Amino acid sequence: MRAVHLLALGAGVAAVATPALANDSVLKSIANPAEQALQTVDYANTRFSKLDQVNKDNVKNLQVAWTFSTGVLRGHEGSPLVIGNIMYVHTPFPNIVYALDLDHDAKILWKYEPKQDPSVIPVMCCDTVNRGLAYADGAIILHQADTTVVSLDAKSGKVNWSVKNGDPSKGATDTATVLPVKDKVIVGISGGEFGVQCHVTAYDLKTGKMVWRGFSEGPDDQILVDPEKTTELGKPVGKDSSLKTWEGDQWKTGGGCTWGWFSYDPKLNLMYYGSGNPSTWNPKQRPGDNKWSMTIWARNPDTGVAKWVYQMTPHDEWDFDGINEMILTDQKVDGKDQPLLTHFDRNGFGYTLNRDTGALLVAEKFDPVVNWASKVDMDKGSKTYGRPLVVAKYSTEQNGEDVNSKGICPAALGTKDQQPAAFSPKTSLFYVPTNHVCMDYEPFRVTYTPGQPYVGATLSMYPAPNSHGGMGNFIAWDGVNGKIKWSNPEQFSVWSGALATAGDVVFYGTLEGYIKAVDDKSGKELWKFKTPSGIIGNVMTYQHKGKQYVGVLSGVGGWAGIGLAAGLTDPNAGLGAVGGYAALSQYTNLGGQLTVFALPN
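Heads up, the numbering used here is the position in the sequence shown plus 14, with the first residue counted as 1.
Following this line, the structure appears as structure tokens:
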């Protein structure tokens, strides 16, 4: 693929000669609030629905309209899609896809069940989850656990094409959704805990042929940066910007995985995503900033070349994966209209940047207990501009190997993990599911072996001390001013994706299994319903025959629920989560169900 990398680099990054057009079929569906073609609801990742039949005055009357069993246990992340009169439902491994006829009592029109080697399961770091399907040009796109990307005919379920995106025998797997843009589908990869050199790849939407691939770390031609034109905080990144921050060839097992969410701005013709933690979790073994792990990327989807980057957590010492969604809004900052990108990072800081230039505008803690850094340096004249100022007491690098650094907030699963936030243009607020969890972290030396865990740290997790006693909050955030507007405490982490609606209601789910509706201005709880299992899926809404429905997948699991999902009991198992969430088994059980709600006739 070296020729493709060089070809893409030669194409340049500064300007796009042809008009920037997104995929017409996706745009058409996004414009129709009755449907949902993307997991993110729209290209901007707002997770906002214009439907308002269900509103803050009548949401208390919601009742179950119908249910569907997926036939699979373990963690159910993501949400169904709805195109026309068909709903598409996905499952965790083995990644079954169902097409349900909404005109005929959700009758199964077709079922796709891939044959995958179960040996991929132990290579999946944090449960066998899948974050869902995408629709474009009459096809349903699925990224399977074994890294197979498959295009299915949306009407028949017939396989159009499939392609392998990675090698599970070396630790590469997939848990993420994909993003169809123009004539391409953008795909990430998992495997940071196995030393995979991670990447984002564009495949041709019609044929599955690889168009370009951009790695998170490595030589310039592999990471697809232009040393002079690609910038960080307004300055060119320069030659070998990644290689200079790794010792020797450690970048080849550097992680920086891309298992989160993608967003896209058709006007700027830029796609945005975050790269994850560097490998190993032991910072002593990888001196340097380890670029470009833990980074926000803005890439041209035609060529893959990066316009700008911003590394949030240089030389990560805490597994603060940077893969969370980038939400695109247009708002006034300092009296000027600006194209914004807002990102709630695992490290506990909520960032707002200019998504055209990459200029850093806001970096503030979205949970007051965050203590590993005092702040992000916002002084443009400072040598540490844009970097977090690390508190020595909580530095696992400074404390050293085989030393248990205690009381670090947040825990490795972050103040927010992949569970996506929502934004309402009616309130100009972000609604953020969060973790209120701290940890002890002890790094140790580890040797890289292909296909074997490459972690190098032992963790324990617990609720943030001196607080409300729970492990989560659901908050409203002002992204322009970097302030919490209101915060609702939860007993466990809020591991479900939020949904904001034009009816002035925000929905989310809880690990105990409740789907909740709250007032978008005050956070007041308006309604809740207990589903059969813990909710780590993302609430969605659609309209069928003039009636609005609200749906959510329940099925406890994910990193927070891995102990329950996989039957683990060692408190340090599940990368430290099993002990922290041990009480979850008293409130819910394994499941796999879609529950759909509507107002009574």
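Where a beta carbon is used, it is the ideal one built from N, C-alpha and C, also for glycine. Owing to the predicted nature of the structure, the values given are computational and were not obtained by experimental measurement.
Exposed unless 16 or more other CB atoms sit within 10 angstroms - verdict on residue i
{"i": "Q299", "result": "buried"}
{"i": "T161", "result": "buried"}
{"i": "V78", "result": "exposed"}
{"i": "V103", "result": "buried"}
{"i": "H118", "result": "exposed"}
{"i": "V86", "result": "buried"}
{"i": "I122", "result": "exposed"}
{"i": "D330", "result": "buried"}
{"i": "M138", "result": "buried"}
{"i": "N449", "result": "buried"}
{"i": "A159", "result": "buried"}
{"i": "A7", "result": "For the chain, the structure presents residues 15 to 615; residue 7 sits outside this window and is missing."}
{"i": "R459", "result": "exposed"}
{"i": "P479", "result": "exposed"}
{"i": "N99", "result": "exposed"}
{"i": "L114", "result": "buried"}
{"i": "A31", "result": "Per-residue confidence for A31 stands at a pLDDT of 35, beneath the threshold of 50, marking its modelled position as unreliable; the derived number appears in the next sentence. Exposed, by the Cβ-count rule."}
{"i": "E242", "result": "exposed"}
{"i": "E261", "result": "exposed"}
{"i": "D188", "result": "buried"}
{"i": "S133", "result": "exposed"}
{"i": "D584", "result": "exposed"}
{"i": "D381", "result": "buried"}
{"i": "L403", "result": "exposed"}
{"i": "V27", "result": "With a pLDDT of 32 at V27, under the threshold of 50, the predicted position of this residue should be treated as unreliable, though the coordinate-derived value follows. Classification of V27: buried, given that the 10 Å Cβ count is 16 or more."}
{"i": "D431", "result": "buried"}
{"i": "Q50", "result": "buried"}
{"i": "K397", "result": "exposed"}
Inter-residue CB distance, residue i and residue j (contact presumed, cutoff 8 Å)
{"i": "E539", "j": "T602", "result": "So it is not a contact: roughly 19 Å between Cβ atoms."}
{"i": "P106", "j": "H90", "result": "6 Å"}
{"i": "P297", "j": "P457", "result": "7 Å"}
{"i": "L589", "j": "T555", "result": "Incorrect: roughly 33 Å between the Cβ atoms, too far for contact."}
{"i": "G548", "j": "V570", "result": "3 Å"}
{"i": "C271", "j": "I203", "result": "6 Å"}
{"i": "I422", "j": "C452", "result": "6 Å"}
{"i": "D617", "j": "I576", "result": "One cannot answer for residue 617 here, as it falls past the ends of the chain, which runs 15 to 615."}
{"i": "V519", "j": "K70", "result": "5 Å"}
{"i": "D391", "j": "K420", "result": "26 Å between Cβ atoms; not a contact."}
{"i": "P434", "j": "A36", "result": "Contact flag wrong, Cβ pair sits at about 20 Å."}
{"i": "H558", "j": "L116", "result": "5 Å"}
Distance CB(residue i)-CB(residue j) smaller than 8 Å
{"i": "S176", "j": "V163", "result": "yes"}
{"i": "S43", "j": "Y112", "result": "no"}
{"i": "K288", "j": "H213", "result": "It should be pointed out that residue 288 corresponds to Gly in this sequence rather than to Lys. No, these two residues do not count as a Cβ contact at 8 Å."}
{"i": "G222", "j": "G185", "result": "no"}
{"i": "G362", "j": "T429", "result": "yes"}
{"i": "T366", "j": "N304", "result": "no"}
{"i": "P503", "j": "G523", "result": "no"}
{"i": "V517", "j": "V68", "result": "Strictly speaking, residue 517 in this sequence is Gly, with Val absent from that position. A contact, by the Cβ cut-off of 8 Å."}
{"i": "V610", "j": "W124", "result": "no"}
{"i": "N144", "j": "G92", "result": "yes"}
{"i": "Y4", "j": "A312", "result": "Look at the range of the chain in this structure, 15 to 615, and you will see that residue 4 is not part of it."}
{"i": "V192", "j": "I155", "result": "yes"}
{"i": "A574", "j": "A591", "result": "yes"}
{"i": "R360", "j": "G336", "result": "yes"}
{"i": "G537", "j": "S83", "result": "no"}
{"i": "V225", "j": "K198", "result": "yes"}
{"i": "V532", "j": "G551", "result": "no"}
{"i": "Q211", "j": "G146", "result": "no"}
{"i": "L375", "j": "A426", "result": "no"}
{"i": "L65", "j": "Q562", "result": "yes"}
{"i": "L604", "j": "L578", "result": "yes"}
> Unbroken beta strand (DSSP E) runs of length 3 or more, entirely within the region 492-569: which are they?
Replying inline: 497-504, 513-515, 519-523, 528-533, 539-544, 554-558 and 561-568
> Should the region 497-508 be regarded as contacting the region 206-222, the criterion being three or more beta carbon pairs within less than 8 Å?
Replying inline: no
> Do the region 307-326 and the region 233-246 make contact, defined as three or more Cβ pairs closer than 8 Å?
Replying inline: yes
> Taking the runs of the beta strand (DSSP E) that are 3 residues or longer, which of them lie wholly in the region 335-410?
Replying inline: 340-347, 350-358, 363-368, 374-379, 387-390 and 402-404
> Hey, which unbroken runs of the alpha helix (DSSP H) at 4 residues or more fall wholly within the region 171-254?
Replying inline: 234-237
>> Using a Cβ distance threshold of 8 Å, determine whether the region 45-62 contacts the region 262-269, with at least three qualifying pairs required.
In response: no
> How about the region 416-426 and the region 128-147: do they share at least three Cβ pairs that are nearer than 8 Å?
Replying inline: no
>> I'd like the ranges of any beta strand (DSSP E) spanning at least 3 consecutive residues and lying wholly in the region 51-122.
In response: 77-83, 95-97, 100-104 and 111-115
> If you pair each beta-carbon of the region 505-525 with each one of the region 464-476, do three or more pairs fall below 8 Å?
Replying inline: no
> Okay, do the region 274-290 and the region 232-244 touch, 3+ Cβ pairs below 8 Å being the bar?
Replying inline: no
>> If we require 3 or more residues per run, which beta strand (DSSP E) segments fall completely within the region 125-155?
In response: 148-150
>> At 4 residues or longer, what runs of the alpha helix (DSSP H) sit wholly inside the region 567-595?
In response: 576-580 and 591-594
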